[in-house]
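Engineer: Input: one structure, supplied below.
2 protein chains.
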Amino acid sequence: MKGAESLVRTLTGCGVEVCFANPGTSEMHFVAALDRVGGMRAVLCLFEGVVSGAADGYARMSGRPAATLLHCGPGLANALANLHNARRARTPMVNIVGDQATYHRPFDAPLTADTEGWARPVSGFVRTVTSAASLGRDAAVAVQAARTSPGQIATLILPADVAWNEGGEVAEALPVPSPPTASPDRIRQVAHVLRRGEPAALLLDGAVLADEAALASAYRIASATGARLLAPFSCARIVRGRGRVPLERVHYPVDAALKQLAGLRYLILVGARPPVGFFAYPGKPSRLYPEECTLEVLARPEQDAGLALANLADELEAPRVTPPDPGPRPEPARGRISPEGVAQTLAALMPEAAVIVDESISFGRGFFAGTHAAPPHDWLQIVGGAIGAGVPLATGAAIGAPGRRVIALEADGSAMYTLQGLWTQARERLDVTTVIFSNRKYAILLYELSQVGTNPGRTALDLMDLGNPELDWVRLAGGMGVEAARAETLEAFGDLLAQSFRRRGPFLIELVI
Amino acid sequence: MKGAESLVRTLTGCGVEVCFANPGTSEMHFVAALDRVGGMRAVLCLFEGVVSGAADGYARMSGRPAATLLHCGPGLANALANLHNARRARTPMVNIVGDQATYHRPFDAPLTADTEGWARPVSGFVRTVTSAASLGRDAAVAVQAARTSPGQIATLILPADVAWNEGGEVAEALPVPSPPTASPDRIRQVAHVLRRGEPAALLLDGAVLADEAALASAYRIASATGARLLAPFSCARIVRGRGRVPLERVHYPVDAALKQLAGLRYLILVGARPPVGFFAYPGKPSRLYPEECTLEVLARPEQDAGLALANLADELEAPRVTPPDPGPRPEPARGRISPEGVAQTLAALMPEAAVIVDESISFGRGFFAGTHAAPPHDWLQIVGGAIGAGVPLATGAAIGAPGRRVIALEADGSAMYTLQGLWTQARERLDVTTVIFSNRKYAILLYELSQVGTNPGRTALDLMDLGNPELDWVRLAGGMGVEAARAETLEAFGDLLAQSFRRRGPFLIELVI
Chain A
170 MKGAESLVRT
180 LTGCGVEVCF
190 ANPGTSEMHF
200 VAALDRVGGM
210 RAVLCLFEGV
220 VSGAADGYAR
230 MSGRPAATLL
240 HCGPGLANAL
250 ANLHNARRAR
260 TPMVNIVGDQ
270 ATYHRPFDAP
280 LTADTEGWAR
290 PVSGFVRTVT
300 SAASLGRDAA
310 VAVQAARTSP
320 GQIATLILPA
330 DVAWNEGGEV
340 AEALPVPSPP
350 TASPDRIRQV
360 AHVLRRGEPA
370 ALLLDGAVLA
380 DEAALASAYR
390 IASATGARLL
400 APFSCARIVR
410 GRGRVPLERV
420 HYPVDAALKQ
430 LAGLRYLILV
440 GARPPVGFFA
450 YPGKPSRLYP
460 EECTLEVLAR
470 PEQDAGLALA
480 NLADELEAPR
490 VTPPDPGPRP
500 EPARGRISPE
510 GVAQTLAALM
520 PEAAVIVDES
530 ISFGRGFFAG
540 THAAPPHDWL
550 QIVGGAIGAG
560 VPLATGAAIG
570 APGRRVIALE
580 ADGSAMYTLQ
590 GLWTQARERL
600 DVTTVIFSNR
610 KYAILLYELS
620 QVGTNPGRTA
630 LDLMDLGNPE
640 LDWVRLAGGM
650 GVEAARAETL
660 EAFGDLLAQS
670 FRRRGPFLIE
680 LVI
Chain B
170 MKGAESLVRT
180 LTGCGVEVCF
190 ANPGTSEMHF
200 VAALDRVGGM
210 RAVLCLFEGV
220 VSGAADGYAR
230 MSGRPAATLL
240 HCGPGLANAL
250 ANLHNARRAR
260 TPMVNIVGDQ
270 ATYHRPFDAP
280 LTADTEGWAR
290 PVSGFVRTVT
300 SAASLGRDAA
310 VAVQAARTSP
320 GQIATLILPA
330 DVAWNEGGEV
340 AEALPVPSPP
350 TASPDRIRQV
360 AHVLRRGEPA
370 ALLLDGAVLA
380 DEAALASAYR
390 IASATGARLL
400 APFSCARIVR
410 GRGRVPLERV
420 HYPVDAALKQ
430 LAGLRYLILV
440 GARPPVGFFA
450 YPGKPSRLYP
460 EECTLEVLAR
470 PEQDAGLALA
480 NLADELEAPR
490 VTPPDPGPRP
500 EPARGRISPE
510 GVAQTLAALM
520 PEAAVIVDES
530 ISFGRGFFAG
540 THAAPPHDWL
550 QIVGGAIGAG
560 VPLATGAAIG
570 APGRRVIALE
580 ADGSAMYTLQ
590 GLWTQARERL
600 DVTTVIFSNR
610 KYAILLYELS
620 QVGTNPGRTA
630 LDLMDLGNPE
640 LDWVRLAGGM
650 GVEAARAETL
660 EAFGDLLAQS
670 FRRRGPFLIE
680 LVI
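Residue numbers (our numbering), protein chains in the order written: chain A, 170 to 682; chain B, 170 to 682.
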């Protein structure tokens, strides 16, 4: 058996069923093996940044790692920004990166690059496979590494001759270790702190945000102790909406976050890291919590935070409580387009179990708060801050959560990074509604420039201006086979949104704001 | 003076006059300094792969390094594939990569990444600046490094506080060392070999390919000794066309290249590296030259190969000769679209001093041979083999060679990687004619798959198929403000080509093949 075949068989045997791919010459044996073996859905993407972002979205929704198929060093390089985002989201993923044949590599042919060097900063596991005989075992270890809590990126570098050589052996799936549990001492210590009744908050991150039972435990704790429930500004996946536990997200602007967390005496980290600013600003602190606030770790990111929350709620003898009623579901908004009106219209119209991918950057800061009264839905964000995540995430999420409508909320500048993902949505007929917030500028940078304290001149303004020429998203989407339309009022937006939910396949709405 | 201002003043003082930019928050002080200082043309690109490819194209045509402005680690990551290409093309370039403030970095905020680790494999020089006071000097050293023969990529990582702190000092330009010269012994040894009259070839690469005087020396040598004149399959820039020295490029397919170089006894490397296959194939050699062929180095890549050629021609007492007449300029071809017909039409219609950017991959293999009778023009290629170079290269070349028509020959699959470059062409009103060879497949991969020796099945074929849905390049270009039209015959192609040459600004022709 060729190495490539042993790889495909091992991956499918380990439960890896989808491969997002942009193959090149050195991956042809893997492609041929996909053909022969079956059992792996191959999804073609026209740029590697789409490949890695889609694998991230798929895993966030399905809970299972996808494979990526990438071509040599530069192909991996194109995937890195969304691998960075996936790493920050603790997404399990198995990258298969083709490379020069082992004996050809020393000749330093044009595409030869430092593949391992580029892979390492985003990967929890990197291995260059050296023989067809070991490839199956290496792949099983990679899947195991990817699935080990809290989830990580495993990169397998596959020299062409390792793929084409005979002697491949299929390996069995390796057991995935259970996440470590928080010690009873930790639970008691946090309970002790919370019983004091001083201003406290639980900051939740990771799998608990997508786990209704864990959020219910957190809500018991909050209700019994008065502690606030917080989530980071950017989260991999939050289950929310009507009937679910409401969470407050830490604000992005440093001043707003400092105000939000002012007065806290205890911040309990539940799978979360201490909140810090996305960026530093002259004269402003890096930490977003008060100096006098004590950090307590209930569960580290790799620990079972859901169990820790349940144990803490029991330790506190906190009664079960029903989440508060978010009030009546709003009606679609009318008139001029505003962030509040968009949020209201989304809340009014989104179907049950929608998956929201939020890369709306500056325009969408209020969307989260404005959509809690919507039917139950999931909220996915760009966690690592590298823009260009949204269109790919939505693409992968639709494959990871079939039957659910994905709604991608996209800033125009961010969507341009990886617009090629729209083509894959058309090809795979994915139920994705993309909303482009077309402000024709890098609005967040205008805000950031204002923080610099100088009046921007022509050069600076030009560098933030996407309006010359204006991007025409209806044509861009149409050019990739995605039907699209433009809306300039909230009524038109609502009509298009509702239309898109009634049909199968992708649709794009350019919202001129 | 703020660090950022000292940086801009130092760069312009060192002759860096263009900055291709996709800034982010941490670069706002650099942007503000661009405003204040003047003298640096800032060109906005909507994706970092366009930034780095455009800087490559600019430097290839102008001979001067451009600066790039990139945002943190993931922004650099998006630029890496085209930095890889630029490194292989030995292009001088100065990257300014913003980063977290020095004191904020330990907090590992979401966008924090291993910026140095990603930069190193593509850079001849990497430095993270540590203080505003040293920034000017560090920048001068970076420009010097970029300009040192044979040209390299210098990456300066700029923490936000280094940019915003006071204490910046403008540094003067540092002298660029002259390229080392080949020793008289080398010249005599190569002359000795060539006088034997055995089958020999000179393989030229680097600056000599863009240097008419150097090519004239090479042609004297070839005429006097019978040696063939070769260039690698992929070259940064070749000056060619009517009245110029014709060069034979080494073929891409291994079998064809082996046949082409069969029988050679001596291969003289002139700024070139030994020719090897782009990829390895089972049972085929890595080296493209015969085992019995002796390699002789006339000039290493960093040496002055033009001088070495002149000295060798003199040593051989080779008379000056006029390049051969390539025959009459062809008429535009008619009828069904074919590679030969496209080449003929290009040769017939391209204006004097056109700049051809060739990323036509499989369809364009014969374009080079078919255009030698065209007026004098330059030929630029994707040197590192990482597709997605062409649209950005053309964008930068048009800025580096104002007044000359740039013609980008683009495979559809490759053009999709960095299509965002079209927007910058529209914004800057660049004289670029892009021709998309729309075969709606990864044709080169179908060829490569055929080399694997199996009959491709549905999965494999799907992974090479860009036709479902079809990309509509007229709409894609229009969506970014570039006028475009489709051609399905050679007559229509010729008409659109001629039209595009008569107007200013960009135009795109989708050639359905």
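The C-beta atom is built at its ideal place from N, Cα and C for all residues, glycine as well.
For chain B, check one thing: does any of its Cβ atoms lie closer than 8 Å to the Cβ of residue 676 (chain A)?
Structural biologist: Indexing the first sequence from 1 puts residue 676 (chain A) at position 507. Taking Cβ atoms only, chain B never reaches closer than 8 Å to residue 676 (chain A), which makes this a no.
Engineer: Taking Cβ positions only, does residue 195 (chain B) come closer than 8 Å to chain A?
Structural biologist: Taking the second sequence and counting its residues from 1, one reaches residue 195 (chain B) at position 26. Closer than 8 Å to some Cβ of chain A, the Cβ of residue 195 (chain B) qualifies, so yes.
Engineer: Could you tell me the distance, in whole angstroms, from the CA atom of residue 700 (chain A) to the CA atom of residue 390 (chain A)?
Structural biologist: Residue numbering for chain A in the displayed model covers 170 to 682; residue 700 (chain A) lies beyond these limits and cannot be assessed.
Engineer: Since I believe residue 187 (chain A) is in contact with residue 235 (chain A) (beta carbons under 8 Å), could you give me their beta-carbon distance rounded to a whole number of angstroms?
Structural biologist: If you number the first sequence from 1, residue 235 (chain A) lands on position 66. If you number the first sequence from 1, residue 187 (chain A) lands on position 18. About 5 Å separates the two Cβ atoms, so the contact holds.
Engineer: Is residue 610 (chain B) helix, strand or coil when you go by DSSP?
Structural biologist: The residue labelled residue 610 (chain B) in the question sits at position 441 within the second sequence. Note: residue 610 (chain B) maps to strand in three-state DSSP.
Engineer: Thinking C-beta only, is residue 574 (chain B) closer than 8 Å to residue 670 (chain B)?
Structural biologist: As a working note, residue 670 (chain B) is residue 501 in the second sequence. As a working note, residue 574 (chain B) is residue 405 in the second sequence. Yes. Within cutoff.
Engineer: Going by other Cβ atoms of all chains shown within 10 Å of its Cβ, with 16 needed for buried, is residue 493 (chain A) buried or exposed?
Structural biologist: Mapped onto the first sequence, residue 493 (chain A) falls at position 324. Exposed is the call here.
Engineer: Can at least three beta-carbon pairs, one atom from the segment 581–590 of chain B and one from the segment 549–558 of chain B, be found at a separation below 8 Å?
Structural biologist: Enough Cβ pairs lie closer than 8 Å, so yes.
Engineer: Just to confirm the assignment, what range does the alpha helix (DSSP H) spanning residue 415 (chain A) have?
Structural biologist: The residue labelled residue 415 (chain A) in the question sits at position 246 within the first sequence. No alpha helix (DSSP H) holds residue 415 (chain A); DSSP gives it neither H nor E.
Engineer: If we define contact as Cβ-Cβ less than 8 Å, is residue 637 (chain B) a contact residue for chain A?
Structural biologist: Start at 1 with the first residue of the second sequence, and residue 637 (chain B) comes out as number 468. It does; some Cβ of chain A falls within 8 Å.
Engineer: DSSP beta-bridge partners for residue 239 (chain B)?
Structural biologist: Within the second sequence, the letter at position 70 stands for residue 239 (chain B). Partner(s): B:266.
Engineer: In the structure shown, what three-state DSSP assignment does residue 484 (chain A) receive?
Structural biologist: Taking the first residue of the first sequence as position 1, residue 484 (chain A) is located at position 315. DSSP places residue 484 (chain A) in helix when its eight states are reduced to three.
Engineer: Buried or exposed for residue 498 (chain A), please, with buried defined as at least 16 other CB atoms from any protein chain shown within 10 angstroms of its CB.
Structural biologist: Position 329 of the first sequence, counting from 1, holds the residue named residue 498 (chain A). Under this definition residue 498 (chain A) is an exposed residue.
Engineer: With distances taken Cα to Cα, identify the nearest neighbour of residue 239 (chain B) among B:179, B:222, B:452.
Structural biologist: In the second sequence, counting from the first residue as 1, residue 239 (chain B) sits at position 70. When each option's Cα is compared against that of residue 239 (chain B), the closest is B:222.
Engineer: Examine chain B for any beta-carbon lying closer than 8 Å to the beta-carbon of residue 649 (chain A), and answer yes or no.
Structural biologist: Here residue 649 (chain A) corresponds to residue number 480 of the first sequence, with the count starting at 1. Taking Cβ atoms only, chain B reaches closer than 8 Å to residue 649 (chain A), which makes this a yes.
Engineer: Taking Cβ positions, are residue 576 (chain A) and residue 530 (chain A) nearer each other than 8 Å?
Structural biologist: Translated into positions along the first sequence, residue 576 (chain A) becomes position 407. Translated into positions along the first sequence, residue 530 (chain A) becomes position 361. Their beta carbons are not under 8 Å apart, which means residue 576 (chain A) does not touch residue 530 (chain A) by this criterion.
Engineer: Quick one: give me the first and last residue of the alpha helix (DSSP H) that residue 561 (chain A) is part of.
Structural biologist: The residue you call residue 561 (chain A) lines up with position 392 of the first sequence. Segment 559–569, the alpha helix (DSSP H) holding residue 561 (chain A).
Engineer: Beta carbons nearer than 8 Å to chain B: which residues of the segment 615–627 of chain A have them?
Structural biologist: Listed by position, the residues of the segment 615–627 of chain A near chain B (Cβ gap below 8 Å) are 617, 618, 620, 621, 623, 625, 626, 627.
Engineer: Using C-beta distances below 8 Å, list every residue in its chain close to residue 213 (chain B), excluding the 5 sequence neighbours before and after it, in chain order.
Structural biologist: Locating residue 213 (chain B) in the second sequence gives position 44, counting from the first residue. Only 190, 191, 593, 596 meet the Cβ criterion.
Engineer: How far does the alpha helix (DSSP H) with residue 662 (chain B) in it reach, from first residue to last?
Structural biologist: Indexing the second sequence from 1 puts residue 662 (chain B) at position 493. Segment 659–671, the alpha helix (DSSP H) holding residue 662 (chain B).
Engineer: Which of the residues in the segment 293–307 of chain B, read from start to end, lie with their CB under 9 Å from any CB of chain A?
Structural biologist: The segment 293–307 of chain B vs chain A, Cβ under 9 Å: nothing.
Engineer: Classify residue 174 (chain B) as buried or exposed, calling it buried when 16 or more other Cβ atoms lie within 10 Å of its own Cβ.
Structural biologist: On the second sequence, position 5 is the one that residue 174 (chain B) refers to. So residue 174 (chain B) counts as buried.
Engineer: Quick one: Cα of residue 539 (chain B) to Cα of residue 642 (chain A), how far?
Structural biologist: As a working note, residue 539 (chain B) is residue 370 in the second sequence. As a working note, residue 642 (chain A) is residue 473 in the first sequence. Each residue's alpha carbon lies about 39 Å from the other.
Engineer: So, is the C-beta of residue 608 (chain B) closer than 8 Å to a C-beta in chain A?
Structural biologist: To locate residue 608 (chain B), count along the second sequence from 1; it is residue 439. No, residue 608 (chain B) lies away from the interface with chain A (no Cβ there is under 8 Å from its Cβ).
Engineer: Can you pull the DSSP bridge partners for residue 171 (chain A)?
Structural biologist: The residue given as residue 171 (chain A) occupies position 2 in the first sequence. Paired residues: A:335.
Engineer: Less than 8 Å between CB atoms is the rule here; does residue 198 (chain A) satisfy it with respect to chain B?
Structural biologist: Numbered from 1 along the first sequence, position 29 holds the residue referred to as residue 198 (chain A). True, the Cβ-Cβ gap to chain B drops below 8 Å.
Engineer: Residues of chain B with CB closer than 9 Å to the CB of residue 247 (chain A), please, in chain order.
Structural biologist: The residue given as residue 247 (chain A) occupies position 78 in the first sequence. What residue 247 (chain A) touches in chain B: 218, 246, 247, 249, 250, 555, 557, 586.
Engineer: If contact is defined by three or more beta carbon pairs under 8 Å, each pair taking one atom from either stretch, is the segment 322–330 of chain B in contact with the segment 292–301 of chain B?
Structural biologist: Touching, yes.
Engineer: Could you name each continuous beta strand (DSSP E) segment of 3 residues or more that falls completely within the segment 321–366 of chain A, going from the start of the chain to the end?
Structural biologist: Runs of the beta strand (DSSP E) inside the segment 321–366 of chain A: 322–328.
Engineer: What number of angstroms, rounded off, separates the C-alpha of residue 683 (chain B) from the C-alpha of residue 613 (chain B)?
Structural biologist: Since the first and last residues shown for chain B are 170 and 682, residue 683 (chain B) lies out of range.
Engineer: Hey, out of B:495, B:370, B:320, B:288, whose CA is closest to residue 434 (chain B)'s CA?
Structural biologist: Taking the second sequence and counting its residues from 1, one reaches residue 434 (chain B) at position 265. Comparing Cα positions, the closest option is B:370.
Engineer: Would residue 213 (chain B) count as contacting chain A if we go by Cβ distances under 8 Å?
Structural biologist: Stepping through the second sequence from its first residue, residue 213 (chain B) is reached at position 44. At least one chain A Cβ lies under 8 Å of residue 213 (chain B).
Engineer: Residues of chain B with CB under 9 Å from residue 286 (chain A), in chain order?
Structural biologist: Along the first sequence, one-based indexing puts residue 286 (chain A) at 117. Chain B residues near residue 286 (chain A): 286, 287, 289, 290.
Engineer: Is the CB of residue 447 (chain A) under 8 Å away from at least one CB in chain B?
Structural biologist: Your numbering for residue 447 (chain A) matches position 278 in the first sequence. At least one chain B Cβ lies under 8 Å of residue 447 (chain A).
Engineer: Short of 8 Å Cβ to Cβ, which residues in the segment 269–286 of chain A face chain B?
Structural biologist: Those residues of the segment 269–286 of chain A that come within reach of chain B (Cβ to Cβ, closer than 8 Å) are 269, 270, 272, 273, 276, 277, 278, 279, 280, 282, 283, 286.
Engineer: Is residue 361 (chain B) buried or exposed, if buried means 16 or more other CB atoms sit within 10 Å of its CB?
Structural biologist: In the second sequence, residue 361 (chain B) corresponds to position 192, counting from 1. Per the 10 Å Cβ criterion, exposed.
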